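A short write-up of the structure that comes next.
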Amino acid sequence: MPEGSQVQSMFSGIAPRYDLLNHVLSLGLDFYWWRRMAKASGAAPGLRMLDVAAGTGDSSLALARQGAEVISTDFTLAMLALGPAKFHRKGLAHRVWASLGADAQCLPFADQSFDGVAICYGIRNVEQRPRAFAEFLRVLRPGGRLTILEFSRPRWAWLRGLYDFYSLKILSRIGGWISGDARAYTYLPESIRTFPDQTALAAELGSAGFSDVVWTNLTGGIVALHVGEKAR
Ligand SMILES: C[S@@+](CC[C@H](N)C(=O)[O-])C[C@H]1O[C@@H](n2cnc3c(N)ncnc32)[C@H](O)[C@@H]1O
């Protein structure tokens, strides 16, 4: 696991090409996965959501499209800085705001200040997950929901084989080529392989104090959605 400063420098380097690479490398599935995340999060008019590790803000936009008010934050300013222009272009700048850079492990928000917290493709990069989970619980109101969208373990051996081939041989090359940072797109498949699978992540959330933890596989488990609640 690289240190936080290495993660920041990696994302600062790829920020200008990040959106394009997301859409190309996921073969357009990224929008579907964000939509499913936003639905699972329960985002709705009148609710205030925090999108942690929000990057360039597409995950925040998905939450705002559901009618929620969204604070979009990330500890890499070069990523976060690309959000506001996009929020304006999409006509959602009245519902989604980029906030000063925040580390998931030390959030600059008051206790119980959000109805929901979401983190998409970010928790895999966090050095100390238990610290981040404790922060998510702290800023959630009782009954509030945490939603995690993250790469996971494909369900079937044939899909795992296909996905390994794609991520190790194709994704890393195209990613390195378009972003100019081959290391960043070698790190991506490696970090996915060392990240807890669906069951292990659900167990971590339970140990951290979340209740009613459930998960759903998307696209055969290439990506998984975990949801947990803060007890009332
Ligand atoms: C793969 S991007 C995901 C961005 C966005 N959520 C999306 O769905 O496209 C991961 C983001 O996590 C951020 N990140 C990694 N570790 C973090 C931490 N400890 N605190 C806050 N942000 C973090 C990185 O800066 C990066 O912008």
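Heads up: take any position in the sequence shown, counting from 1, add 50, and you land on this note's numbering.
The beta-carbon is built from N, C-alpha and C at its ideal position, and this holds for glycine as well.
If you're wondering where the values come from, they're calculated on a predicted model, not measured in any experiment.
Proximity test, residue i beta-carbon vs ligand 1 heavy atom, cut-off 7 Å
| i | result |
| --- | --- |
| Asp-231 | no |
| Phe-164 | no |
| Ser-109 | yes |
| Phe-260 | no |
| Phe-61 | yes |
| Gln-155 | yes |
| Phe-81 | no |
| Tyr-237 | no |
| Met-99 | no |
| Phe-137 | no |
| Gln-116 | no |
| Gln-58 | yes |
Helix, strand or coil at residue i [DSSP, three-state]
| i | result |
| --- | --- |
| Pro-158 | coil |
| Glu-119 | strand |
| Arg-188 | helix |
| Arg-205 | coil |
| Glu-177 | coil |
C-alpha gap between residue i and residue j, whole angstroms
| i | j | result |
| --- | --- | --- |
| Trp-83 | Gly-259 | 26 Å |
| Phe-81 | Arg-243 | 23 Å |
| Ala-118 | Leu-97 | 5 Å |
| Arg-282 | Gly-194 | 8 Å |
Any non-hydrogen atom of ligand 3 closer than 7 Å to residue i Cβ
| i | result |
| --- | --- |
| Gly-105 | In the structure shown, ligand 3 is absent; the only ligands present are ligand 1. |
Neighbourhood of residue i by C-beta distance below 8 Å, restricted to the same chain and skipping five residues each side
| i | result |
| --- | --- |
| Ala-160 | Val-189 |
Residues near residue i in its chain [Cβ-Cβ closer than 6 Å; skip 5 each side]
| i | result |
| --- | --- |
| Trp-265 | Gln-248, Ala-252, Ala-274, His-276 |
| His-138 | none |
| Glu-279 | Arg-195, Ser-261, Asp-262 |
Short Cβ contact (8 Å threshold) for residue i with residue j
| i | j | result |
| --- | --- | --- |
| Leu-221 | Pro-239 | yes |
| Tyr-235 | Gly-225 | yes |
| Gly-142 | Leu-111 | Per the sequence shown, residue 142 should be read as Leu rather than Gly. Against a cut-off of 8 Å, the Cβ pair of Leu-111 and Leu-142 comes out as a contact. |
| Pro-180 | Ile-272 | no |
| Gly-78 | Thr-106 | no |
Contact set for residue i: own chain, Cβ-Cβ below 7 Å, skip 5 residues either direction
| i | result |
| --- | --- |
| Ser-62 | Thr-126, Ala-128 |
| Gly-172 | Val-102, Ala-103, Ala-154 |
| Leu-113 | Ala-88, Ser-91, Ala-93, Met-99, Asp-101, Val-120, Ala-168 |
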